[in-house]
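Since the structure comes first, as structure tokens, the remarks are kept for the end.
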Amino acid sequence: MPDTVHTGTQDDAMVMMPVGETYPEIREAVRKLCADFPGAYWQEKDRVRGYPTEFVQALTQSGFLAVLIPEEFGGAGLPISAGSAILEEINRSGCNAGACHAQMYIMGTVLRHGSDAQKKQYLPKIATGELRLQAFGVTEPTSGTDTLSLRTTAVRDGDEYVVNGQKVWTSRAEHSDLLLLLARTTPKDQVAKRTDGLSVFLVDMRKVLGNGLTIRPIRTMINHNTTELFFDNMRIPADSLIGQEGRGFRYILDGMNAERVLVASDALGDAKFFIDRASDYAKERQVFGRPIGQNQGIQFPIAESWVAAQAAELMTRKAAALFEAGLPCGAEANTAKYLAAEAAWKAADVCMQTYGGFGYAEEYDIERKFREARLYRTAPISSNLILGFIGEHVLGMPRSY
Ligand SMILES: Cc1cc2nc3c(=O)[nH]c(=O)nc-3n(C[C@H](O)[C@H](O)[C@H](O)COP(=O)(O)OP(=O)(O)OC[C@H]3O[C@@H](n4cnc5c(N)ncnc54)[C@H](O)[C@@H]3O)c2cc1C
Numbered sequence: 311m312p313d314t315v316h317t318g319t320q321d322d323a324m325v326m327m328p329v330g331e332t333y334p335e336i337r338e339a340v341r342k343l344c345a346d347f348p349g350a351y352w353q354e355k356d357r358v359r360g361y362p363t364e365f366v367q368a369l370t371q372s373g374f375l376a377v378l379i380p381e382e383f384g385g386a387g388l389p390i391s392a393g394s395a396i397l398e399e400i401n402r403s404g405c406n407a408g409a410c411h412a413q414m415y416i417m418g419t420v421l422r423h424g425s426d427a428q429k430k431q432y433l434p435k436i437a438t439g440e441l442r443l444q445a446f447g448v449t450e451p452t453s454g455t456d457t458l459s460l461r462t463t464a465v466r467d468g469d470e471y472v473v474n475g476q477k478v479w480t481s482r483a484e485h486s487d488l489l490l491l492l493a494r495t496t497p498k499d500q501v502a503k504r505t506d507g508l509s510v511f512l513v514d515m516r517k518v519l520g521n522g523l524t525i526r527p528i529r530t531m532i533n534h535n536t537t538e539l540f541f542d543n544m545r546i547p548a549d550s551l552i553g554q555e556g557r558g559f560r561y562i563l564d565g566m567n568a569e570r571v572l573v574a575s576d577a578l579g580d581a582k583f584f585i586d587r588a589s590d591y592a593k594e595r596q597v598f599g600r601p602i603g604q605n606q607g608i609q610f611p612i613a614e615s616w617v618a619a620q621a622a623e624l625m626t627r628k629a630a631a632l633f634e635a636g637l638p639c640g641a642e643a644n645t646a647k648y649l650a651a652e653a654a655w656k657a658a659d660v661c662m663q664t665y666g667g668f669g670y671a672e673e674y675d676i677e678r679k680f681r682e683a684r685l686y687r688t689a690p691i692s693s694n695l696i697l698g699f700i701g702e703h704v705l706g707m708p709r710s711y
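Numbering (our numbering), first residue to last: 311 to 711.
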């Protein structure tokens with residue numbers, strides 16, 4: 311057990327927070343697994359925009375993707391910091407947690423708001439990997455960040471809902487059996503509150519693919535297997551609804567703090583990858599008869615990246631500690647995600663600069679990770695929107711969104 315400190319008081323409660331790295335045994339086991347998937351594996355997947363099926367299967371078989379699922383449903387029942395440790399180590403090892411991280415935060419919606427029957431039906435199979443829950447359909451082309459303006463509708467018709475509309479950037483849809491879908495069930499002008507009228511569905515895509523559902527891949531600057539989804543009178547059973555009709559936006563918000571902490575951990579892993587690589591290279595590479603790391607122009611940016619990553623790590627631990635104590639952590643989870651995304655991007659740029667021309671060569675993995683690390687400033691939430699959240703909810707300034 312790492313040393314602990316008391317962290318901030320929330321509702322007068324004192325929360326213990328680990329100072330050292332959490333879950334050292336899990337981290338070691340993840341690093342060992344990742345060693346079987348070296349740079350060459352990811353370079354090949356990147357070239358052909360292929361899904362790292364073997365890697366995701368290995369993680370699933372080792373139980374790592376099910377750590378947050380309660381034991382009664384076949385998971386390990388560990389707290390969120392275990393999930394964080396796993397995602398951080400995957401990215402720190404040079405692998406890409408983006409291929410599989412969504413399962414950890416999507417399943418929380420089923421766990422918190424699903425019926426007993428839904429939990430029994432889905433969670434044990436998700437834990438074993440028999441069912442893959444990797445797709446999350448929120449963003450639409452016209453609404454973008456403004457989720458409440460989404461246009462996809464789900465209309466009840468007897469024992470079914472009929473879904474029409476479009477999603478964009480639905481990642482991993484071709485490599486997932488289930489989709490967590492947010493759709494409008496009551497028109498916007500008929501709801502009492504602006505946050506009402508949206509509902510969450512757990513869609514079994516195997517049953518509707520080619521029969522109301524079309525998936526179209528989007529080629530992007532990173533290998534993220536992202537897609538567009540088109541719903542054309544897609545009929546799904548009424549019991550696909552999670553929780554109460556009309557309360558879906560709240561359910562999605564409930565999962566946001568967990569998502570922020572887990573994605574901060576992805577980004578933190580990237581930051582550490584770049585800092586490790588840059589400092590190693592700076593010690594070895596000799597130019598003008600001395601290691602380049604002896605030059606402050608190279609050494610200080612790497613040191614600054616380390617400092618930025620430390621701040622991100624501390625805030626991620628604080629957010630996780632508050633989350634695990636069941637206390638409010640919106641400000642901390644968002645700040646962690648912001649700091650980690652910025653730290654990863656800074657470290658990525660510094661690492662590219664440290665490697666000089668070699669940073670551009672595929673075989674060193676720096677250019678691939680550089681492209682991948684940029685994502686966290688944009689998705690799943692952009693740094694701007696986090697600043698908007700802090701400006702409004704923490705500092706009490708006017709709302710910008
Ligand atoms: C590779 C990738 C994978 C993704 N995976 C998924 C997924 O699996 N599921 C899913 O649902 N979505 C996914 N997304 C979507 C992602 O969450 C959105 O791209 C993101 O939320 C921004 O939406 P947008 O692209 O429409 O940008 P827009 O909403 O058009 O915004 C454009 C820019 O304007 C800024 N902006 C907008 N409004 C304000 C404001 N009020 N104040 C300040 N700045 C503002 C934004 O921050 C952004 O920088 C993914 C995106 C990418 C690129």
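Backbone N, C-alpha and C fix where the C-beta goes; we use that ideal spot for every residue, glycine too.
Since the structure is predicted, the reported quantities are computational estimates derived from the model, not experimental observations.
Any non-hydrogen atom of ligand 1 within 8 Å of residue i CB
i, result
"ILE585", "no"
"HIS534", "yes"
"LEU695", "yes"
"ALA395", "no"
"GLY565", "no"
"THR530", "yes"
"ALA588", "no"
"THR688", "yes"
"ALA412", "yes"
"SER481", "yes"
"ILE271", "Coverage of the chain is limited to positions 311 through 711, which leaves residue 271 absent and any answer about it impossible."
"SER372", "no"
Reference residue i; option with closest CA among the options
i, options, result
"GLU354", "TYR674, GLY701, PRO708, ARG595", "TYR674"
"THR480", "THR496, VAL472, ILE525", "ILE525"
"ASP564", "PHE383, ASN401, VAL420, LEU378", "VAL420"
"SER615", "TRP655, ASP456, LEU492, THR626", "TRP655"
"LEU512", "PRO547, ASN533, ILE532", "PRO547"
"GLU652", "MET324, LYS628, VAL617, GLU677", "VAL617"
"MET531", "TYR333, ARG678, VAL366", "ARG678"
"ALA437", "ARG516, THR537, PHE383, THR495", "PHE383"
"LEU508", "ARG461, CYS639, SER575", "ARG461"
"GLY475", "GLY439, LEU492, GLU484", "LEU492"
"ILE691", "GLY636, VAL573, ALA483, ARG557", "VAL573"
"GLN609", "TYR665, ARG557, LYS498, LYS647", "TYR665"
"GLN660", "ILE612, VAL704, LYS342", "As written in the sequence, residue 660 is Val, which differs from the Gln given in the question. Checking every option, the nearest Cα to that of VAL660 belongs to ILE612."
"ARG687", "LYS647, LEU705, GLY667, GLY706", "LYS647"
"LEU433", "THR449, ILE416, GLY330, GLU682", "ILE416"
"LYS435", "LEU488, PHE446, ASP356, LEU539", "LEU488"
"LYS517", "SER486, GLU364, GLY556", "SER486"
Run of the beta strand (DSSP E) containing residue i, from where it starts to where it stops
i, result
"SER509", "508 to 514"
"MET544", "536 to 547"
"ILE532", "Run containing ILE532: none; DSSP gives neither H nor E here."
"GLU470", "470 to 481"
"VAL448", "Where VAL448 is concerned, there is no enclosing beta strand (DSSP E), given that its DSSP letter is neither H nor E."
Delimiting residues of the alpha helix (DSSP H) encompassing residue i
i, result
"SER403", "Taken as a continuous stretch (DSSP letters only), SER403 belongs to no alpha helix (DSSP H), as it is neither H nor E."
"THR438", "426 to 438"
"THR626", "606 to 634"
"LEU563", "558 to 564"
"LEU492", "LEU492 -> not in any alpha helix (DSSP H); beta strand (DSSP E) instead, spanning 488 to 494."
"THR419", "412 to 423"
Cβ-heavy atom distance, residue i to ligand 2, below 8 Å
i, result
"GLY447", "No copy of ligand 2 appears in this structure; the ligands present are ligand 1."
Count the C-beta pairs between the stretch 518 to 527 and the stretch 568 to 583 that are closer than 8 Å, then say yes if the count reaches three, no if not. no
List, from N- to C-terminal side, the alpha helix (DSSP H) runs of 4 residues or more that fit wholly inside the stretch 661 to 703. 676 to 683, 693 to 699
Which runs of the alpha helix (DSSP H) at least 4 residues long sit entirely within the stretch 314 to 378? Give them in chain order. 334 to 345, 349 to 358, 363 to 371
Does the count of Cβ pairs from the stretch 589 to 606 and the stretch 549 to 560 closer than 8 Å reach three? no
contact_flag[the stretch 365 to 380, the stretch 397 to 411] where n(CB pairs < 8 Å) is 3 or more: yes
Would the stretch 394 to 406 count as touching the stretch 347 to 367 if we require 3 or more Cβ pairs under 8 Å? yes
Using 8 Å as the Cβ pair cut-off and three pairs as the minimum, do the stretch 377 to 396 and the stretch 454 to 474 touch? no
Would you be able to state if there are at least three C-beta pairs under 8 Å between the stretch 575 to 588 and the stretch 620 to 635? yes
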